[in-house]
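Numbered per the numbering used here, the sequence shown finishes at 194, counting up by one with no gaps.
The structure appears right after this line, and notes come after that.
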Amino acid sequence: MDKFRNFSELARHAKEGEDYAIVVREAHGSAVAIVAPHGGRMEWSTGEMAAAIAGRKHSFYVFEGLKDDAFAELHVTSTHFDEPRCLDLLSRAEVTVTIHGCQTPEPVVYMSARDKKLESKLKAAFNKAGVRAVADNSHKYQGGKNPQNICNRNRSGQGVQLEFSRGIRDNPRLVKKCVKAVRESLKP
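So this is what it looks like as structure tokens:
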């Protein structure tokens with residue numbers, strides 16, 4: 007259960023620069039935004055993965071929890087995540103991929119999306135890389151079909167939510183494979 011219903015409520019109780027940080031980098035000319043709404047100490051390594059996927063080619067946003075208890079204190083679920091700088095960036099994006107982390111010990115990527123074409127490309131790329139990807143929307147981490155999910159708050163109204171398990175995020179070799187798979191999937 008989240009402590010705060012949305013970002014404005016969170017901002018009344020937490021201090022930027024002390025409790026959390028926000029990094030926004032816009033890649034002019036790119037219609038793609040890579041977003042990690044629970045980076046830093048909330049869902050560790052998701053911010054780094056998002057930055058690696060974006061590189062200099064795509065726009066990038068991360069909300070980072072800075073303290074050890076960041077998940078319990080700062081997590082705002084993706085259907086309620088409405089931080090203004092993120093929404094501003096997404097207002098110029100056609101394609102959005104959000105990067106999340108879950109505690110599943112096995113190496114798996116849970117996928118959910120309104121952008122079914124990109125979801126299909128991603129699943130094929132993960133499979134080619136030897137990474138199990140589940141896109142049946144039956145898992146509790148798969149909320150990317152909801153129109154209010156931050157991944158769908160772009161100009162097209164559709165995006166993809168990726169949940170990387172602990173089994174992937176604990177393995178640098180698998181992280182590299184996943185980053186490469188997402189980058190390949192974003193090519194026209």
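Glycine included, each C-beta is placed from N, C-alpha and C at the ideal position.
Listed in chain order, the non-local C-beta contacts of Ala33 below 8 Å within the same chain comprise Ala60, Arg62, Lys63, His64, Ser65 and Phe66, local neighbours out to five positions each way being set aside. Between the alpha carbons of Ala130 and Ala139 lies a gap of roughly 9 Å. Leaving aside the five residues that flank Asp88 on each side, the residues in its chain whose CB is nearer than 7 Å to its CB run, in chain order, Asn12 and Phe13. In this structure Asn155 is in contact with Thr85, their Cβ atoms being roughly 5 Å apart against a cut-off of 8 Å. The beta-carbon separation of Ile174 and Val103, rounded to 15 Å, does not stay under the 8 Å limit for a contact. In this chain, the beta strand (DSSP E) harbouring Val30 covers Tyr26 to Arg31. Note that the C-beta distance between Phe77 and Met117 is not below 9 Å. Taken in chain order, the whole alpha helix (DSSP H) runs of length 4 or more contained in the region 49-101 are 52-60, 76-80 and 90-96.
Look at the region 121-177 and you find these whole runs of alpha helix (DSSP H), each 4 residues long or longer: 122-134 and 172-175. Here Leu96 has Ala39, Thr102, Arg159 and Asn160 as same chain residues with Cβ atoms under 7 Å from its own Cβ, once five neighbours each way along the sequence are excluded. In the structure shown, Ala187 falls within a helical segment according to DSSP collapsed to helix, strand and coil.
In the same chain as Phe132, and ignoring 5 residues on each side of it, the C-beta atoms closer than 6 Å to its own belong to Val115, Ala139 and Ala187, in chain order. Taking the Cα positions, His106 is about 15 Å away from Glu125. Taking C-beta atoms as the reference points, Ala56 and Ala37 fail to come closer than 9 Å.
DSSP, read as helix, strand or coil, puts Ala17 in helix. In the same chain as Arg172, and ignoring 5 residues on each side of it, the C-beta atoms closer than 8 Å to its own belong to Gly107, Cys108, Gln109, Thr110 and Pro111, in chain order.
Burial is judged here by how many other beta carbons sit within 10 angstroms of a residue's own beta carbon; Ser191 has at least 16 and is buried.
Rounded to the nearest angstrom, the gap between the Cα atoms of Ala99 and Ser51 is 23 Å.
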